[in-house]
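Numbering (the numbering used here), first residue to last: 7 to 303. Backbone N, C-alpha and C fix where the C-beta goes; we use that ideal spot for every residue, glycine too. This structure is a prediction, so every number in the text was calculated from the model and none was measured.
Written as structure tokens, this is what we have:
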């Protein structure tokens, strides 16, 4: 008389789990000669559904266990949006069980979803415009005043609570004012925070360069062609946001042409009046006439 069904013991090398490899043997199906113990997973996977064995187990007709990397691999069977498609019934049930119990694929093996989604925290030092900025666990103070990403005050709380809030909202805790009482932190994406500060610094630098003063020099005997070149140069500087200092030098016998020089300076100011204005009246020193023009806003 044959012995009672010992349960299902996997010994077929083609019946490989997604992580245990082709030679997996599972002795959880019950003792030899005992009653049917069923099939229970003990290698880190959750128990299977009661109806898992409602259909025949995978066999060699399907090329073995059809995982993404197994001998029956079929790339058309895996759809990241729709799950697994096209496997035999038993395989479909197992894959559904794994997904139902919170497992997902990572590097061609099944892992719990919390491990799948966990991203290691970047603990490298952070810098903005060449200065060190303390972020997340680098902030070693007991209590902080918290701001959100739009600088709204969220109140005072422990640094641990603020750090947990930042993690919950998928942002970073960035130290804004270390000298505050308590220190002030902002809950914001550090990459975005860094980008905005560096962009502001570049705009400030560009603005400061715009106030640079350029000089255009003339002589009382400057000819008409050279005069037009001077006007064009002054217009170019003014168009870039720079101030322009117009200077006329007199030397030796040129001192006899002061009236001619003054007339030329006034004409130049008039020719540039559409793009510039005088910061102060024309300065008439004994050997130098000068005036500074600022670009019109």
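**Item:** Close Cβ partners of residue 131 (< 7 Å) along its chain, the five nearest in sequence each way excluded
**Value:** Contacts found: 138.
**Message:** I'd like the span of the alpha helix (DSSP H) that includes residue 173, first residue to last.
**Reply:** Residues 165-174.
**Request:** Inspect the beta-carbon positions of residue 244 and residue 180 and report whether they are closer than 9 Å.
**Result:** no
**Request:** Would you kindly check if the distance between the Cβ of residue 253 and the Cβ of residue 196 is under 9 Å?
**Result:** No; because the gap between Cβ atoms is not below 9 Å, this pair is not in contact.
**Request:** State the start and end residues of the unbroken alpha helix (DSSP H) segment that holds residue 221.
**Result:** Counting along the chain, residue 221 falls outside any alpha helix (DSSP H), though it belongs to the beta strand (DSSP E) covering 219-224.
**Asked** Near residue 165, what residues of its chain come up, given a Cβ to Cβ distance below 7 Å and the 5 sequence neighbours on each side ignored?
**Response** 145, 147, 148, 149, 150
**Message:** My output table needs one value for residue 289: the three-state DSSP class, helix, strand or coil.
**Reply:** strand
**Message:** Which runs of the beta strand (DSSP E) at least 3 residues long sit entirely within the segment 186-256? Give them in chain order.
**Reply:** 190-194, 219-224, 249-255
**Request:** Just tell me which of 174, 188, 170 has its CA closest to the CA of residue 161.
**Result:** 188
**Asked** Under the DSSP definition of a beta bridge, which residues are partnered with residue 151?
**Response** Per DSSP, 162, 190.
**Request:** Within 10 angstroms of the Cβ of residue 226, are there 16 or more other Cβ atoms? Answer buried if so, exposed if not.
**Result:** It counts as buried.
**Request:** Counting only the same chain and skipping the five closest in sequence on each side, list residues whose C-beta sits under 8 Å from that of residue 289.
**Result:** 295, 296, 297
**Request:** Write down the C-beta distance between residue 5 and residue 159 rounded to the nearest angstrom, noting that I regard them as a contact closer than 8 Å.
**Result:** For the chain, the structure presents residues 7 to 303; residue 5 sits outside this window and is missing.
**Message:** Taking 8 Å as the cut-off, does the segment 223-242 touch the segment 264-284 (at least 3 CB pairs, one atom from each stretch)?
**Reply:** yes
**Prompt:** From residue 152 to residue 222, what does the alpha carbon distance come to, in whole angstroms?
**Reply:** Approximately 53 Å, taken between the alpha carbons.
**Request:** Give me whichever residues DSSP pairs with residue 178 in a beta bridge.
**Result:** 194
**Request:** Go through its chain and collect everything with a Cβ distance to residue 287's Cβ below 8 Å, but skip five positions before and after it.
**Result:** Apart from the 5 residues on each side of it in sequence, residue 287 sits with its Cβ closer than 8 Å to the Cβ of 297 in its chain, given in chain order.
**Prompt:** Under a three-way DSSP split, which group does residue 301 fall into?
**Reply:** Reduced to three states, the DSSP call for residue 301 is strand.
**Request:** Please list, in chain order, all residues of the same chain as residue 168 whose beta carbon is under 7 Å from its beta carbon, the five residues on each side excluded.
**Result:** 150, 152, 179, 191
**Request:** Would you tell me roughly how many angstroms separate the C-alpha atoms of residue 242 and residue 205, rounded to the nearest one?
**Result:** Cα-Cα distance, rounded: 26 Å.
**Message:** Run through the DSSP bridge pairs and tell me what residue 295 is partnered with.
**Reply:** 254, 290
**Message:** Is the separation between the beta-carbon of residue 185 and that of residue 217 shorter than 9 Å?
**Reply:** no
**Request:** With DSSP as the reference, please indicate the residues paired to residue 284 in a beta bridge.
**Result:** 299
**When 177, 202, 220 are compared against residue 128, the one with the closest alpha-carbon** = 177
**Message:** Quick check on DSSP: helix, strand or coil for residue 28?
**Reply:** Confidence at residue 28 is low in this model, with a pLDDT of 41, below 50, so its placement is unreliable and the value that follows should be read with caution. Coil.
**Pair within 9 Å by beta-carbon distance, residue 200 and residue 134** = yes
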